[in-house]
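Novice: Going line by line, the protein sequences match chains A and B.
Residue 161 in this note's numbering sits at position 161 of the first sequence; the count goes up by one each step and never skips.
To convert a position in the second sequence, counted from 1, into this note's numbering, add 306.
Supplied in structure tokens, the structure appears directly below.
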Amino acid sequence: MGNSILEVENLVKSYGAVQAVRGVSFSVQEGEVFGLLGPNGAGKTSTVEILEGLRDPDSGRVSVCGLDPQRDSQALKHEIGAALQSTSLPDKLRVMEALRLFSSFYKRRRNPEELLKRFGLEEKRNAFYSQLSGGQKQRLALAMALVNDPKVLFFDEPTAGLDPQVRREIYDIIEELKGEKKTIVMTTHYIEEAERLCDRVAIVDHGKVVALGTPRELKTRSGGSTRIEVRLARPEPDGALKNLDGVADAREVGGAYVLHSHRPPQTIVAIVKHLEAQGNELVSLEIASPSLEDVFIEMTGRRLRD
Amino acid sequence: MRNFATLTRMRIQLTLRNKMFLFFTVLMPFGFFFLYAGVFAKGQPLVVKFFLGPVVALTVMGSFWGLSAALVTFREQGILRRFHVTPVTASDMLASSIVANYVLMFPTVFLEFVFARAVFHVTNFGDLLATFILISIGTVSFASLGLVVASITNTMQETQVINQLLWLPLIFLSGATFPLVFLPKMVQKVSLFLPATYLVQGLRRAIFESAPLWDHNVLISLGSLVCWAILTFFLSAQLFRWEPEVKVRRNAKLLVIATAIPFLLLGLWENKFGNITSQAQSAFDSLNGPPKSAPPPDAPK
């Protein structure tokens, strides 16, 4: 391992009877973009909030920039920057005022003018927060995360609720930060986002890390195979499709059958023959190269977007 | 310290941009002022002077209303959350609320005195130092009360209900609306347990009776309000919550009762040995009958 700037070991956090985080462990290298991918309620936000020092864990060991967020939260806050989920600013605060105000809290500061320019908010410098569009608010949130030139950045669902075009703008910004070798920990429930932006991804479900690796590693681990999704007129008995030619794995997900195959052409022929023999019919068939979604389905038996 | 200063500046800026502020901190107090001075006192300088204490007390006590609402809004909208990831501390946040409120409140109070002089020809405002310190301590302590309200309520609705519940007894039982002597004897006894009474009566004593800082009852007012301000500020810092999802701690209500202890004890003591109510009575009597001692310089002709 290189120099890990952030380490999490066996993190546990409950809210009353609900266990939100159940033994999460991972470490993040300096300059890496690390993603926590999982459905809503998987424990991603809780994990990140513990790392930021906003919440105390029930148990487990956490270190960020060599600091314990619980004990050294004040020192840690100078080293991190964050774009949180469901936060806002006072309606009547102007863009430039917000950047100036927040940079005034830190020992190390970046020029707010430069951030304004870089995040395309120059024209909005005197606009009230309440007058900004969703995308502009998010760009301001990212700019504000950088006011102290932090060592580690936390982006919690940076594109949730934004339309596709704005989402792409945010991707460009994060890729630029990645180019500057910033360490970024981000959570997302968008596959595309994790695949495109993250150097490594931890797939999180029900408060646990179910898989961890580079997007490529995770995909090859899932068989490195082509994904074939079929819908049938009548259900097939369990396991019937698993034994077909070339099939590494087959499971039913939400009414469709998802198969992974090393030899797609042979598998498709086999499926058609099998269905003919059973008197069943093919309703639809889709072929795709495997994505992190497949890894998620494989690990949890569910789709990410359910 | 620097965070506290920049936060205070932001709070002042934001409040000045808020139309609700204009209503509660400027229009409403002046409404009260002209109602009291013009209608109740019929513009007679001595009577205006008598009512100046209650009017100023009302202005000062109004602090808790706006402050609790602002803080709860900040929490509900996730604004406090954003500050929580910065090195800003709960005390920075709370102290800046109090100081911003003080800075915004002061011009209003000052103008009330200016109007009393310019419009109603009140030429003497009693002991200025005692008045100034009472107003300052009163503003800080009622602002702290607002912070406590914010910290023991989860939603804006709850906050407004508690504010209403507090406001009514504070203004009706303290002598801030009706002079204390108008209240039945039983209610007068109850009023001696309320912080507001000590503010209103202390101000009356300093303004109307020109009592200096070291006057027995002025000192009691100051001392009790200072104790109360410290307790409430400390409590609000203890109970401060950054996150909207974090609910009020169960022992919070008990702690709030603890902040009432100084006034509980003081009320008992004042009921037994004090002379606040009889002083209020003779001050009121002096408005009607010829004053027993030397007439004040601005007595009605």
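Note that beta-carbon positions come from the ideal geometry of N, C-alpha and C, so glycine has one too.
The structure displayed is predicted, hence computed values, not measured ones.
Taking the beta strand (DSSP E) that A:S289 belongs to, which residues open and close that run?
Specialist: Taking the first sequence and counting its residues from 1, one reaches residue 289 of chain A at position 289. Neither: A:S289 is in no beta strand (DSSP E) and is coded neither H nor E.
Novice: Grab me the residues of A:F296's own chain with a C-beta within less than 7 angstroms of its C-beta, minus the 5 sequence neighbours each way, in chain order.
Specialist: Working through the first sequence from its first residue, we reach residue 296 of chain A at position 296. Correct list, in chain order: I203 and L304.
Novice: For A:Y257, which three-state DSSP category applies?
Specialist: Here residue 257 of chain A is taken as the residue at index 257 of the first sequence, counted from 1. If DSSP states are grouped into helix, strand and coil, A:Y257 belongs with the strands.
Novice: Hey, does B:I318 have any beta-carbon neighbour from chain A nearer than 7 angstroms?
Specialist: Position 12 of the second sequence, counted from the start, is the residue given in the question as residue 318 of chain B. Not closer than 7 angstroms to any Cβ of chain A, the Cβ of B:I318 fails to qualify, so no.
Novice: Thinking just about the alpha-carbon of each residue, which of A:E252, A:V247 and A:Q165 is nearest to the one in A:H260?
Specialist: Against the first sequence, residue 260 of chain A aligns to sequence position 260. Looking at the Cα atoms, A:V247 is the closest of the given residues.
Novice: Given a cut-off of 7 angstroms, decide if B:N577 and B:L498 are closer than it, judged by their beta-carbon atoms.
Specialist: Residue 498 of chain B sits at position 192 when you count from the first residue of the second sequence. Residue 577 of chain B sits at position 271 when you count from the first residue of the second sequence. Yes; because the gap between Cβ atoms is below 7 angstroms, this pair is in contact.
Novice: Buried or exposed: which applies to A:K163, given that a residue is buried once 16 or more other Cβ atoms fall within 10 Å of its Cβ?
Specialist: As a first step, residue 163 of chain A is located in the first sequence; it is residue number 163 there, counting from the start. Looking at the sequence provided, one finds Asp at residue 163 of chain A rather than Lys. Per the 10 Å Cβ criterion, exposed.
Novice: My output table needs one value for A:F154: the three-state DSSP class, helix, strand or coil.
Specialist: Translated into the one-based positions of the first sequence, residue 154 of chain A becomes position 154. A:F154: strand per DSSP, three-state reduction.
Novice: If A:A194 and A:G35 are in contact, beta carbons under 8 angstroms, what's the gap, nearest whole angstrom?
Specialist: Mapped onto the first sequence, residue 194 of chain A falls at position 194. Mapped onto the first sequence, residue 35 of chain A falls at position 35. Between A:G35 and A:A194 the Cβ distance is about 4 angstroms, and since that is below 8 angstroms, they are a contact.
Novice: Rounded to whole angstroms, what is the Cα-Cα separation between A:L37 and B:L570?
Specialist: Taking the first residue of the first sequence as position 1, residue 37 of chain A is located at position 37. Taking the first residue of the second sequence as position 1, residue 570 of chain B is located at position 264. Answer to the nearest angstrom: the Cα atoms are 56 angstroms apart.
Novice: Which residues in chain B have a C-beta closer than 7 angstroms to the C-beta of A:A82? List them in chain order.
Specialist: Here residue 82 of chain A corresponds to residue number 82 of the first sequence, with the count starting at 1. Near A:A82 (Cβ distances below 7 angstroms), the residues of chain B are V391.
Novice: With 7 angstroms as the threshold, decide whether the Cβ of B:G384 is near any Cβ in chain A.
Specialist: The residue given as residue 384 of chain B occupies position 78 in the second sequence. Yes, B:G384 lies at the interface with chain A (some Cβ there is under 7 angstroms from its Cβ).
Novice: Taking a contact to mean a Cβ-Cβ separation below 7 angstroms, would you say A:E310 touches B:V391 in this structure?
Specialist: With chain A covering only 1 through 306, there is no way to say anything about residue 310 of chain A.
Novice: In the DSSP assignment, what are the bridge partners of A:D249?
Specialist: In the first sequence, residue 249 of chain A corresponds to position 249, counting from 1. Beta-bridge pairing links A:D249 to A:H260.
Novice: Give the interface partners of A:E113 over in chain B, defined as CB-CB distance under 9 angstroms, in chain order.
Specialist: As a position in the first sequence, residue 113 of chain A is number 113, starting the count at 1. Residues of chain B passing the Cβ test: none, with the nearest at roughly 18 angstroms.
Novice: Which residues share a DSSP beta bridge with B:M326?
Specialist: As a working mapping, residue 326 of chain B is identified with position 20 in the second sequence. Paired residues: none, contrary to the question.
Novice: Tell whether a beta-carbon distance below 7 angstroms holds between A:N3 and A:G60.
Specialist: Counting from 1 along the first sequence, the entry for residue 3 of chain A is found at position 3. Counting from 1 along the first sequence, the entry for residue 60 of chain A is found at position 60. No, the pair does not count as a contact, with Cβ atoms beyond the cut-off.
Novice: Distance check for B:L545 and B:V562, CA to CA, integer angstroms please.
Specialist: Your numbering for residue 562 of chain B matches position 256 in the second sequence. Your numbering for residue 545 of chain B matches position 239 in the second sequence. Roughly 10 angstroms separates the two Cα atoms.
Novice: List, from N- to C-terminal side, the beta strand (DSSP E) runs of 3 residues or more that fit wholly inside the stretch 190-252 of chain A.
Specialist: Those beta strand (DSSP E) runs which fall completely within the stretch 190-252 of chain A and span 3+ residues are 200-205, 208-213 and 226-232.
Novice: Terminal residues of the continuous beta strand (DSSP E) containing A:L36?
Specialist: Sequence index remark: in the first sequence, residue 36 of chain A carries index 36 (1-based). Segment V33 to L37, the beta strand (DSSP E) holding A:L36.
Novice: Could you check which residue in B:V362, B:E551, B:F448 and B:V409 has the C-alpha nearest to that of B:I536?
Specialist: In the second sequence, the residue the question calls residue 536 of chain B occupies position 230. Taking only the C-alpha atoms, the option nearest B:I536 is B:F448.
Novice: Would A:K124 pass as an interface residue toward chain B - the criterion being a Cβ-Cβ separation below 7 angstroms?
Specialist: By one-based count along the first sequence, residue 124 of chain A stands at place 124. For A:K124, the answer is no, since every Cβ of chain B falls outside 7 angstroms of its Cβ.
Novice: Show which residues of chain A have a CB atom less than 8 angstroms away from the CB atom of B:V394.
Specialist: Your numbering for residue 394 of chain B matches position 88 in the second sequence. Chain A residues near B:V394: F105.
Novice: Just grab the DSSP bridge partners of A:E9 for me.
Specialist: The count along the first sequence starts at 1 and reaches residue 9 of chain A at position 9. A:E9 is bridged to A:R61.
Novice: Taking the beta carbon of B:M399 as the centre, do at least 16 other beta carbons fall within 10 Å, making it buried, or is it exposed?
Specialist: Indexing the second sequence from 1 puts residue 399 of chain B at position 93. By the neighbour-count rule (16 or more Cβ atoms within 10 Å), B:M399 is buried.
Novice: Helix, strand or coil for A:A160 per DSSP?
Specialist: On the first sequence, residue 160 of chain A is found 160 positions in, with the first residue counted as 1. Coil at A:A160, not helix or strand.
Novice: Measuring straight from C-alpha to C-alpha, what distance separates A:F154 and A:G66?
Specialist: Taking the first residue of the first sequence as position 1, residue 154 of chain A is located at position 154. Taking the first residue of the first sequence as position 1, residue 66 of chain A is located at position 66. Cα-Cα distance, rounded: 16 angstroms.
Novice: When you compare only the Cα positions, how much space is there between B:E549 and A:P235?
Specialist: Taking the first residue of the second sequence as position 1, residue 549 of chain B is located at position 243. Taking the first residue of the first sequence as position 1, residue 235 of chain A is located at position 235. Distance between the alpha carbons of B:E549 and A:P235 is about 48 angstroms.
Novice: At a Cβ cut of 8 angstroms, what residues of the stretch 90-102 of chain A count as close to chain B, listed as they run along the chain?
Specialist: Under the 8 angstroms Cβ criterion, the stretch 90-102 of chain A contributes P90, K92, L93, E97, L101 and F102.
Novice: Going by DSSP in three states, B:M307 sits in which element: helix, strand or coil?
Specialist: What you label residue 307 of chain B is simply residue 1 of the second sequence in a count that begins at 1. Coil, per DSSP.
Novice: For B:I567, is the classification buried or exposed, using 16 other Cβ atoms within 10 angstroms of its Cβ as the cut-off for buried?
Specialist: If you number the second sequence from 1, residue 567 of chain B lands on position 261. When all chains shown are included, B:I567 counts as exposed.
Novice: So, at 8 angstroms on beta carbons, what are the nonlocal neighbours of A:P112 in its own chain, with the 5 sequence-adjacent residues on each side left out?
Specialist: Position 112 of the first sequence, counted from the first residue, corresponds to residue 112 of chain A. M96, L99, R100, S103 and V147.
Novice: Looking at the unbroken beta strand (DSSP E) that takes in A:T183, where does it start and where does it end?
Specialist: Position 183 of the first sequence holds residue 183 of chain A. Its beta strand (DSSP E) spans residues T183 to T188.
Novice: Taking only beta-carbon atoms, is B:N460 less than 7 angstroms away from chain A?
Specialist: By one-based count along the second sequence, residue 460 of chain B stands at place 154. No, because no Cβ of chain A sits closer than 7 angstroms to the Cβ of B:N460.
Novice: Let me know the secondary structure DSSP gives A:V269 once reduced to three states.
Specialist: Taking the first sequence and counting its residues from 1, one reaches residue 269 of chain A at position 269. Looking at A:V269 - three-state DSSP - the assignment turns out to be helix.
Novice: On the three-pair Cβ rule with 8 angstroms, is the stretch 448-457 of chain B touching the stretch 524-538 of chain B?
Specialist: Yes: at least three Cβ pairs fall under 8 angstroms.
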